[in-house]
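Each residue of the sequence shown is one higher than the one before, starting from 0 at the first, in numbering that gives the first Met the number 0.
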Amino acid sequence: MTATATDLVLPPCNHTPKPWTGPSREEVLALRQRHCNPAIFMMYRDPLMIVEGHRQYVFDETGRRYLDFFAGIVTLSCGHSHPKVVARVREQLETLQHTTTIYLHPNFPRFAQELSARLPAGLDVVYFVNSGSEANDLAIT
């Protein structure tokens, strides 16, 4: 027996998304088509408009819930709006939003130390990057 999409049911969720009061899906689609490069393509002929996230779920403008399999396209795969993550992010934003590695900050080398302590012997230097492109740059140097 093969399951179809209509056979699948998400488990209960106690989160109710906020009512969407922003622009309609059609308005957003028209703006995107007019002002965004078409190379930034969408995955579907009838694309979803995701307006809210909660833990492993995302919600469209109608309040319909979906299981988020993209999870930030792997760059931020920690779900959506988890209270502990939100609290830590808020705390950090209220302290210092961003700095660069050309300055000293204790968290940068501390995290590198903690990460390298979990790696096999000999892998004790960490190179943090923002994307696969930068990872490729490192790989060819």
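Just so you know, even glycine gets a beta-carbon here, dropped at the ideal spot from N, CA and C. Since the model is a prediction, treat every value here as computed from it, not as a measurement.
I'd like the span of the beta strand (DSSP E) that includes residue i, first residue to last.
i: D141; result: Residue 141 falls outside the range modelled here, since the chain spans only 0 to 140, and no answer is possible.
i: I49; result: 49-53
i: R64; result: 64-66
Can you tell me whether residue i is buried or exposed, with buried defined as 16 or more other CB within 10 angstroms of its CB?
i: E113; result: exposed
i: G21; result: exposed
i: E60; result: buried
Write down the C-beta distance between residue i and residue j rounded to the nearest angstrom, noting that I regard them as a contact closer than 8 Å.
i: R54; j: H81; result: 6 Å
i: V57; j: D45; result: At roughly 16 Å, the Cβ-Cβ gap does not stay under 8 Å, so V57 and D45 are not in contact.
i: H79; j: G52; result: 3 Å
i: L118; j: V128; result: At roughly 16 Å, the Cβ-Cβ gap does not stay under 8 Å, so L118 and V128 are not in contact.
i: V124; j: S115; result: 7 Å
How would you write the range of the alpha helix (DSSP H) that residue i sits in, first residue to last?
i: G131; result: 131-139
i: A111; result: 106-115
**Message:** As an exercise, report each continuous alpha helix (DSSP H) stretch of at least 4 residues that is fully enclosed by the stretch 74-104, in chain order.
**Reply:** 82-94
**Request:** Could I get the ranges of all uninterrupted beta strand (DSSP E) runs contained in the stretch 3-35, with 3 residues as the minimum, in chain order?
**Result:** none
**Item:** Touch test, the stretch 8-22 against the stretch 33-43, Cβ-Cβ under 8 Å, three pairs minimum
**Value:** no
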